[in-house]
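The opening residue of the sequence shown carries number 1199 in this note's numbering; numbering runs sequentially from there.
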Amino acid sequence: QPREASARPGRPSERTRPVRVGGVTVGGGAPVAVQSMLNAPADDVAENLAQIDRLAEAGCEIVRMAIPRRDCLDAFEAVCAASPLPVVADIHFDPLIAIEAARRGAAKLRINPGNIGGLDAAVPVLEAARQAGIPIRIGVNAGSLDAGLAARDDLTLPEKLAQSAVDYVRFCEGQGFADLVVSAKAHDVMTTVRTYRLLAAQLPHVPLHIGVTEAGTAFQGVIKSAAGLGILLEEGIGDTLRISLTDDPVQEIRACWTLLSALDLRRRNPELISCPTCGRCQVNLIELARQVEERISTLNKPLKVAVMGCVVNGPGEARDADIGVACGNGSGIVFSQGKTVRKVSEEAIVDALMEEIGTL
Ligand code: SF4
């Protein structure tokens, strides 16, 4: 069953407990937080900090860093100390790394019940997080599911994934530690959706980190993530999201914001409205739209910018947008806030649009 907790469909549930990740609140009705994961070498402080700066500029709010070995802890500590964003420590296999990361500046720990060494291994990790005053994400993944649950043939994959997370949450809460976020990801979209619906029903109080894992390269990954996460977010499920792409993590952040904007949940960047072109078009609209998209991608203004191919729908869309152009034969009429402001040649359209955007 979808979480019926959200009084406003499509909004994050207010019934989840708010969890603080550095200066960012996740859950409790807070805006859906945008996050990504660093992919620079884990022992390279300068590279990771440079990537964090690029991610922060793109609108990332929480960043995660892998700590694959104990000898990477010094680099992790240095990154945490200099990072403008809260840094989540991502740990597999070795609970001692999690304990040490909590002491060295992690804003949150991410551990995987399937490989961290069983419930007993979690006890000192919970204690370290408690002492550091930081939350833990219990991050279940279909590729590393607990062996006992994976072997059960009486449960579907979504049921196994959800059960793994629920068992771990119950254990942590039984230990008096409730500062938790949960994720349970699969590469299959509908498995992911069904899993999160189960989690939302069984753990209505726990904030959920949603994502389709190993979603692929940018084209497929964005479509799979938007399909799965769009369904969940519209049901009020999801307090923070990551769109996992085999690409530059900055593209993950652009995808997250585009999705949140499309769902009318949060807006940060301009939205491009451009027609698909047809035989009526008498400019190179595809190239024009690409150039405009590139130029507006770094703007931190939630404007609507229309780039339209002809007079059929062009003037209407261009007038309705904040800034727009309706093209004709080798030229375009530029609109600003619904009014015609100038007519320019095809070569001058992009600069004219950017100038008009600059005046708003
Ligand atoms: Fe074709 Fe004009 Fe519509 Fe663009 S706006 S798709 S050029 S009819």
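Heads up, the beta-carbon is just placed ideally off N, CA and C, and yes, glycines get one too.
Separation of Val-1261 and Asn-1339 (C-alpha to C-alpha, rounded to the nearest whole angstrom) is 19 Å. Around the beta-carbon of Cys-1258, 16 or more other beta-carbon atoms lie within 10 Å, marking it buried.
Between the C-alpha atoms of His-1385 and Arg-1252 there is a straight-line separation of about 27 Å. A buried status is given to Val-1532, since no fewer than 16 other beta-carbon atoms sit within 10 Å of its beta-carbon.
Distance between Gln-1400 and Arg-1440, taken at the CA atoms: about 22 Å. Per DSSP, Ile-1471 is one residue of the beta strand (DSSP E) stretching across 1469 to 1472. Every alpha helix (DSSP H) stretch that sits fully inside the stretch 1298 to 1348 and reaches 4 residues is listed by chain position as 1316 to 1330 and 1345 to 1348.
Taking the Cα positions, Asp-1377 is about 54 Å away from Cys-1476. Only residues of its own chain outside the window of five on either side were considered, and among them Gln-1480, Val-1481, Ser-1543 and Glu-1544 have a CB closer than 7 Å to the CB of Gly-1528, listed in chain order. Not one heavy atom of the ligand SF4 falls within 7 Å of the beta-carbon of Thr-1415. A contact is defined here as three or more CB-CB pairs under 8 Å, and the stretch 1359 to 1366 meets this definition with respect to the stretch 1397 to 1413.
DSSP, read as helix, strand or coil, puts Gly-1477 in coil. In the DSSP annotation of this structure, the continuous segment of the beta strand (DSSP E) that includes Asp-1288 starts and ends at 1285 to 1289. Boundaries of the alpha helix (DSSP H) around Gln-1249: 1243 to 1256. Restricting attention to Arg-1464, Cys-1454 and Ala-1487, the CA atom closest to the CA of Cys-1473 is found in Ala-1487.
According to DSSP, residue pairing for Ala-1296 in a beta bridge does not occur. Excluding the 5 residues flanking it on each side, Ser-1423 has same chain C-beta neighbours closer than 6 Å at Val-1410, Ala-1413 and Ile-1441, in chain order.
Not a single heavy atom of the ligand SF4 lies less than 7 Å from the C-beta of Arg-1517. A straight line joining the alpha-carbon of Ala-1504 with that of Leu-1461 spans about 19 Å.
Taking a cut-off of 8 Å on C-beta distances, the stretch 1228 to 1245 does not touch the stretch 1289 to 1304, as fewer than three cross pairs fall below it. Between the alpha carbons of Ile-1332 and Glu-1371 lies a distance of about 15 Å. Gly-1530: member of the beta strand (DSSP E) spanning 1529 to 1534, first to last residue. Taking Thr-1390 as reference, the option from Ile-1429, Val-1367 and Gly-1374 with the minimal CA-CA separation is Ile-1429.
Of Gly-1374, Cys-1270 and Ile-1547, the smallest CA-CA separation from Glu-1325 is found for Gly-1374. Between the ligand SF4 and Arg-1488, a heavy atom-to-CB distance of less than 7 Å is absent. For Val-1364, the three-state secondary structure derived from DSSP is helix. With three or more CB-CB distances shorter than 8 Å, the stretch 1306 to 1314 counts as touching the stretch 1278 to 1292.
Within the model, the alpha-carbon separation for Ala-1320 versus Gly-1221 is close to 25 Å. For Gln-1489, the three-state secondary structure derived from DSSP is helix. Those residues having their beta-carbon less than 6 Å away from any non-hydrogen atom of the ligand SF4 are, in chain order, Cys-1473, Pro-1474, Thr-1475, Cys-1476, Arg-1478, Cys-1479, Met-1506, Gly-1507, Cys-1508, Val-1510, Asn-1511 and Gly-1512. When DSSP states are grouped into helix, strand and coil, Leu-1406 belongs to the strand group. Between Ala-1524 and Met-1552, the gap from beta carbon to beta carbon reaches 8 Å or more. With fewer than 16 other beta carbons inside 10 angstroms of its own, Glu-1255 counts as exposed.
Distance from Ile-1250 to Ile-1295 at the Cβ level is roughly 20 Å; contact not present, criterion being Cβ atoms closer than 8 Å.
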